[in-house]
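J.:
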Amino acid sequence: MFRRKNAKTGWEKVRPEIETTFVQIAKECFGGDLHAILLYGSAARGMYREGVSDINLLILYHRVTPLQLAQFGKKAGPLIRKRQITPLLMSREEFLRSADVFPLEYIDIRNAHRVLFGPDDTASLELTLKNLRHQAEERLRGNLNQLRQLLVASGGNSKLLASYLRSWSGIPSALSRALLLLRGKDPNIPNPELLAHAVEKEYKLPPGVFSAFQRFRWGEKQDPLELAGKLMHSLLLLSQAVDSLPEEPSKGGV
Numbered sequence: 004m005f006r007r008k009n010a011k012t013g014w015e016k017v018r019p020e021i022e023t024t025f026v027q028i029a030k031e032c033f034g035g036d037l038h039a040i041l042l043y044g045s046a047a048r049g050m051y052r053e054g055v056s057d058i059n060l061l062i063l064y065h066r067v068t069p070l071q072l073a074q075f076g077k078k079a080g081p082l083i084r085k086r087q088i089t090p091l092l093m094s095r096e097e098f099l100r101s102a103d104v105f106p107l108e109y110i111d112i113r114n115a116h117r118v119l120f121g122p123d124d125t126a127s128l129e130l131t132l133k134n135l136r137h138q139a140e141e142r143l144r145g146n147l148n149q150l151r152q153l154l155v156a157s158g159g160n161s162k163l164l165a166s167y168l169r170s171w172s173g174i175p176s177a178l179s180r181a182l183l184l185l186r187g188k189d190p191n192i193p194n195p196e197l198l199a200h201a202v203e204k205e206y207k208l209p210p211g212v213f214s215a216f217q218r219f220r221w222g223e224k225q226d227p228l229e230l231a232g233k234l235m236h237s238l239l240l241l242s243q244a245v246d247s248l249p250e251e252p253s254k255g256g257v
């Protein structure tokens, strides 16, 4: 049976570099303009895997100059590359006003995050199921189109296709949680495989396809062409199912 590495141990190893070193660099570069830093994603959910998971950090500021951003990139760059940090930078006002555009990401941030610096503004986000449905469908159809492009680009080369698939976004956990939320189900399932199974069950998809893709990305040997075919079929069914969901009123909060 394929087993994953212990996620908790990996996070405890890198934690000081994030909570102390990275935060200090941000404070030095942005000074009084720095508003808050939030950790979200797999690290905030206790599912971080060193060398596989990105470390997602939301950095909110009051105002910032191009020079400050460049200096931050220079000082934080080595750590960003070393620990696969994905920094999301924006002003506090921009964060609160863009909830209608990025409900999928913001719901995920709101539901699981840790404040590393400053106040927590996530409770002030105005999120609706209507906007979430639209973004979820857009993301599904976009991922399906990307998968088709990868198949074309591989030219029938199995090794090349396998490499493409391992770098393809697939069905991220944030998207899976949004899909469950759209059906009124509890999205707080920490285990990625159980989360994938829950989506397949709720939307009546062929079982085991998404979890098989996760195991493939973790190193399990599979036929990449066969796997890609199953993923295409499930993604098409899933995007059609989301498109068929009833429209929620714009005032319907999440």
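So for the sequence shown, my numbering puts the first residue at 4; every next one is plus one.
Where is the CB? At the ideal position from N, CA and C, for every residue including glycine.
The model shown is predicted, which means the values in this text are computed figures rather than measured ones.
With DSSP run on the structure shown, which of helix, strand or coil describes Y43?
T.: Y43: strand per DSSP, three-state reduction.
J.: Over what stretch of residues does the alpha helix (DSSP H) that includes Y109 continue unbroken?
T.: Element bounds for Y109: P106 to N114.
J.: Nearest to W221 by CA position, among V55, R18 and Y43, is which residue?
T.: Nearest option by C-alpha distance: V55.
J.: Under 8 Å by Cβ, that's how I've got A29 and L37 pegged, so tell me the actual separation to the nearest angstrom.
T.: The Cβ separation is near 6 Å, so the contact holds.
J.: Starting from S170, trace the alpha helix (DSSP H) both ways and give me its first and last residue.
T.: Unbroken alpha helix (DSSP H) run through S170: S161 to S170.
J.: Less than 8 Å separating the beta-carbons of H236 and S214?
T.: The answer is no: Cβ separation not under 8 Å.
J.: Roughly how many angstroms separate the alpha carbons of K204 and H65, rounded to a whole number?
T.: Roughly 44 Å between the two C-alpha positions.
J.: Looking at chain C, is there any beta carbon in it that lies within less than 8 Å of the beta carbon of S179?
T.: This model lacks chain C altogether, as it is built from one protein chain only.
J.: Just list the residues that DSSP pairs V118 with in beta bridges.
T.: Partner(s): L41.
J.: Work out the CA separation of A177 and N191 for me, nearest whole Å.
T.: Cα to Cα, N191 sits roughly 10 Å from A177.
J.: Can you tell me where the alpha helix (DSSP H) with N134 in it begins and where it stops?
T.: L132 to S157 is the extent of the alpha helix (DSSP H) around N134.
J.: What is the DSSP secondary structure of P90, counted as helix, strand or coil?
T.: In this structure, P90 counts as strand in the three-state DSSP scheme.
J.: So what does DSSP say about S247, is it helix, strand or coil?
T.: Looking at S247 - three-state DSSP - the assignment turns out to be coil, as it is neither helix nor strand.
J.: Just checking my contact of S242 with R136 at CB under 8 Å: how many whole Å lie between their CB atoms?
T.: Going by Cβ atoms, the distance from S242 to R136 rounds to 12 Å, so no, they are not a contact pair.
J.: Return the first residue and the last residue of the beta strand (DSSP E) that I62 is part of.
T.: Note, I62: beta strand (DSSP E), I58 to Y64.
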